[in-house]
Ligand code: HEC
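Residue numbers (our numbering): 790 to 940.
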């Protein structure tokens with residue numbers, strides 16, 4: 790009984806001590822996680838762009854839903870660039886992510902800032918605002934890929 794209590798307590802302490810970034814048992818899982826989040830984000834950006842470019846009719850509610858998903862994924866993905874996951878599996882992440890931490894942190898912050906503005910635009914329901922904000926997000930995606938992703 791006492792063992793069980795101690796074990797539970799230890800597990801609880803461990804769980805609170807671990808940051809989100811340490812929640813991968815193997816680096817391969819971190820690679821898969823970030824690739825999945827990026828891939829889904831791309832798919833929802835595609836749906837959003839279809840509306841801002843007019844190839845499908847604009848619907849404020851659908852746009853906002855896509856944007857909320859993009860924002861959530863964007864928040865999740867950067868926790869998966871853990872140390873030791875630069876040469877794992879089929880990763881296209883370049884070592885500069887870890888070697889040039891400041892530059893990487895700035896690129897992440899830029900993306901999060903742009904996505905934050907898109908989130909506000911989505912909540913406003915205003916097509917022109919969404920168009921501008923989505924364009925900026927697209928650019929921060931591309932600019933980070935140009936610098937930190939293997940061709
Ligand atoms: C701060 C840098 C950064 C930003 C911002 C960023 N990405 Fe990425 N992205 C990466 C890196 C690095 C990889 C390579 C991941 C890997 O293979 O380990 C990647 C991979 C991808 C992939 C390929 C996923 C796969 O299945 O291999 C897609 C698609 C993608 N990103 C879409 C996006 C979209 C859309 C956005 C913007 C909404 C975005 N990314 C923003 C750095 C970024």
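The beta-carbon is built from N, C-alpha and C at its ideal position, and this holds for glycine as well.
What does the alpha-carbon distance come out to for the pair residue i and residue j?
{"i": "residue 852", "j": "residue 923", "result": "11 Å"}
{"i": "residue 936", "j": "residue 898", "result": "15 Å"}
{"i": "residue 846", "j": "residue 836", "result": "11 Å"}
{"i": "residue 813", "j": "residue 869", "result": "8 Å"}
{"i": "residue 882", "j": "residue 844", "result": "33 Å"}
{"i": "residue 866", "j": "residue 904", "result": "13 Å"}
{"i": "residue 860", "j": "residue 874", "result": "24 Å"}
{"i": "residue 828", "j": "residue 886", "result": "19 Å"}
If I measure Cβ to Cβ from residue i and keep anything under 7 Å in the same chain, skipping five residues before and after, which residues do I get?
{"i": "residue 910", "result": "918, 919, 922"}
{"i": "residue 850", "result": "none"}
Find the nearest neighbour of residue i within the set the options, judged by alpha-carbon distance.
{"i": "residue 880", "options": "817, 829, 856", "result": "817"}
{"i": "residue 888", "options": "872, 820, 830, 855", "result": "872"}
{"i": "residue 926", "options": "855, 913, 900", "result": "900"}
{"i": "residue 914", "options": "854, 842, 826", "result": "854"}
{"i": "residue 823", "options": "840, 838, 877, 908", "result": "877"}
{"i": "residue 934", "options": "841, 831, 839", "result": "831"}
{"i": "residue 826", "options": "902, 839, 864, 928", "result": "864"}
Residues in its own chain within less than 6 Å of residue i by CB, not counting five upstream and five downstream?
{"i": "residue 834", "result": "none"}
{"i": "residue 803", "result": "Residue confidence is low: residue 803 scores 48 on pLDDT, short of 50, so the model does not pin down where it sits. No coordinate-derived value is stated."}
{"i": "residue 884", "result": "875"}
{"i": "residue 810", "result": "Here residue 810 scores only 46 on pLDDT, less than 50, and its place in the model should not be relied on; the value that follows carries that caveat. Excluding positions up to five away in sequence, the list reads 868, 871."}
So is the beta-carbon of residue i under 8 Å away from any non-hydrogen atom of the ligand FMN?
{"i": "residue 823", "result": "With respect to the ligand FMN, the structure offers nothing, as its ligand set consists of the ligand HEC."}
Less than 8 Å between C-beta atoms, sequence neighbours within five positions excluded: which residues of the same chain meet that for residue i?
{"i": "residue 908", "result": "856, 857, 860"}
{"i": "residue 953", "result": "Summary: the structure shown does not reach residue 953, with the chain confined to residues 790 through 940, and so no result is reported for it."}
Does the region 879 to 894 come close enough to the region 908 to 923 that 3 or more CB-CB pairs lie under 8 Å?
Flag = no, the region 908 to 923 and the region 879 to 894 do not touch.
Any alpha helix (DSSP H) of 4 or more consecutive residues that is wholly inside the region 842 to 883
Whole alpha helix (DSSP H) segments, 4+ residues: 849 to 866.
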